[in-house]
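In our numbering, the protein residues as written are 3 to 181. Ideal Cβ positions, reconstructed from N, Cα and C, are used throughout, including at glycine. Quick notes on the structure that follows.
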């Protein structure tokens, strides 16, 4: 993945994403009508994410809304947070920043609620909220989100995630050196 000026990930091989989308649609069509809601939510979520990566944002939002609703109905906290983050990202890319921010904040709150059992996603919620805040021009708040995400990711020891957050911070600081 590469970044654009809004810290958005851009697919390096959109043709491959299109192939994955077609495959995902076929898998969704082959799911049994009585498939568990979590399984259907995960499938819808992957399709929505592929649509988002291809810039087909209305389709992305449609699939991700359904995925989020099913994940909530399935009482699958981690899946629900993942779908909320994906849906918020699609809304952000569609220019619905206040709505996206609200969804990111809610997802972050859920990751911090011990009863929700989604703490492992807190760094993702912070990273995505930070990106949304950058687009809204709230750079100091974005920096705080990225710094919190970096601390969590260093604790996880996942080098790819650490590098992603460091890159976001570096780009933010290069754009606004006085933060």
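Sequence-distant residues of the same chain with beta carbon closer than 7 Å to residue i, five excluded per side
i: residue 156; result: 164
i: residue 29; result: 45
i: residue 99; result: 134, 137 and 138
i: residue 19; result: 13, 52, 55 and 56
Nearest candidate by alpha-carbon position, reference residue i, set the options
i: residue 124; options: 133, 112 and 43; result: 112
i: residue 102; options: 93, 110, 108 and 109; result: 93
i: residue 147; options: 128, 55 and 153; result: 128
i: residue 51; options: 41, 70, 18 and 66; result: 66
i: residue 38; options: 122, 175 and 75; result: 75
i: residue 42; options: 16, 140, 82 and 104; result: 82
i: residue 22; options: 47, 115 and 35; result: 47
i: residue 159; options: 142, 122 and 36; result: 122
i: residue 175; options: 161, 154 and 141; result: 141
i: residue 154; options: 130, 36 and 126; result: 126
Cutoff 6 Å; reference residue i; Cβ partners in own chain excluding five residues on either side
i: residue 80; result: 120
i: residue 190; result: The requested residue 190 is not part of the displayed model; the chain covers only 3 to 181.
i: residue 132; result: 144, 147 and 148
i: residue 73; result: 43, 81, 82 and 85
Within 7 Å, strictly: CB atoms of residue i and residue j
i: residue 177; j: residue 167; result: no
i: residue 106; j: residue 90; result: yes
i: residue 86; j: residue 109; result: yes
i: residue 62; j: residue 54; result: yes
i: residue 31; j: residue 49; result: no
Other residues of its chain near residue i: CB distance less than 8 Å, five sequence neighbours each side excluded
i: residue 33; result: 41, 42 and 45
i: residue 64; result: 50
i: residue 171; result: 145, 148, 149 and 152
i: residue 16; result: 55 and 56
What ranges does the alpha helix (DSSP H) occupy inside the region 65-101, keeping only unbroken runs of at least 4 residues that lie completely in it? 79-95
Which ranges would you report for the alpha helix (DSSP H) in the region 13-73 if only whole runs of at least 4 residues count? 16-32 and 39-55
Considering only residues of the region 121-171, which uninterrupted alpha helix (DSSP H) runs meet the minimum length of 4 residues and lie entirely inside it, listed in chain order? 124-137 and 141-158
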